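Report on the structure given below.
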Amino acid sequence: MSEADASAATASWATDASTTAEATGASTPAAPKLGLIWAEAYRGVIGAGGVMPWHVPEDLAHFKAITLGSPVVMGRKTWDSLPERFRPLPGRANIVVTRNEEWAAEGATRAGSIDDGLALAAASDPEWVWGIGGGELFARLIDRADRLEVTELDLDIPGDAYAPSIDMSWRLVEADGPATHVSRTGVGYRFRRYARP
Numbered sequence: 001m002s003e004a005d006a007s008a009a010t011a012s013w014a015t016d017a018s019t020t021a022e023a024t025g026a027s028t029p030a031a032p033k034l035g036l037i038w039a040e041a042y043r044g045v046i047g048a049g050g051v052m053p054w055h056v057p058e059d060l061a062h063f064k065a066i067t068l069g070s071p072v073v074m075g076r077k078t079w080d081s082l083p084e085r086f087r088p089l090p091g092r093a094n095i096v097v098t099r100n101e102e103w104a105a106e107g108a109t110r111a112g113s114i115d116d117g118l119a120l121a122a123a124s125d126p127e128w129v130w131g132i133g134g135g136e137l138f139a140r141l142i143d144r145a146d147r148l149e150v151t152e153l154d155l156d157i158p159g160d161a162y163a164p165s166i167d168m169s170w171r172l173v174e175a176d177g178p179a180t181h182v183s184r185t186g187v188g189y190r191f192r193r194y195a196r197p
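Residues in the sequence shown are numbered consecutively from 1, following the UniProt record's numbering.
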């Protein structure tokens, strides 16, 4: 799909599929659901200096289990922060949002805007599309998302990238018990899932 096609398709993301189907008499597939997934330290820190300043293998396994088979949309800095051996993320269409028209990377599709990225992701008719970072992308998409997968880490570290605030429009629907898991790297963590009421 070209970027022009992606721009034209963007409107379909926001269109109520059932309304469209009723108006045309045709069967229109529903738009995919949008999820955001991140891990955060205290005060919502998700990154520092362009990298994720921790290593929690259990969280990486959780991330893979949630996103595998679905398109993932990310900013260029998030792409750059991925270890080279994991780029592109296998088993997922990797869509990278950047205004740099000359940017290209093997295994990734460039999108000129977040909306174009969502349209490209929706083109394969997936059930879910996942936004995976960074902070600006999360801030732009949280009001449009259907689900949040958040890993809370027991870490107090400085950072320069932050998770968005989770306001009262979200409901905690699944959470670990009161006890915190401890990673084999020694970091305490817990998983939280939020959905719309």
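Cβ coordinates follow ideal geometry from the N, Cα and C atoms, glycine included. Fair warning: this is a prediction, and the values are worked out from it, not measured in the lab.
Item	Value
Other residues of its chain near residue 97: CB distance less than 6 Å, five sequence neighbours each side excluded	75, 111, 114, 117
Buried versus exposed, by CB contacts within 10 Å (16 or more), residue 211	A query on residue 211 cannot be resolved here, the shown segment of the chain reaching from 1 to 197 and no further.
Bounding residues of the beta strand (DSSP E) (the contiguous stretch that carries residue 191)	188-195
Presumed contact (8 Å Cβ cut-off) between residue 176 and residue 190, rounded CB distance	4 Å
Other residues of its chain near residue 6: CB distance less than 7 Å, five sequence neighbours each side excluded	Note that residue 6 scores 45 on pLDDT, short of 50, meaning its location in the model is unreliable; the coordinates nonetheless yield the value given after this. Here the set comprises 111, 116, 119, 120.
Nearest candidate by alpha-carbon position, reference residue 109, set 154, 185, 178, 88	88
Euclidean distance between Cα positions of residue 188 and residue 153	6 Å
Spatially closest choice to residue 49 from 32, 183, 162, by CA coordinates	162
Length-filtered (4 minimum) alpha helix (DSSP H) runs lying within the segment 111-138	114-122
DSSP state of residue 95 mapped onto helix, strand, coil	strand
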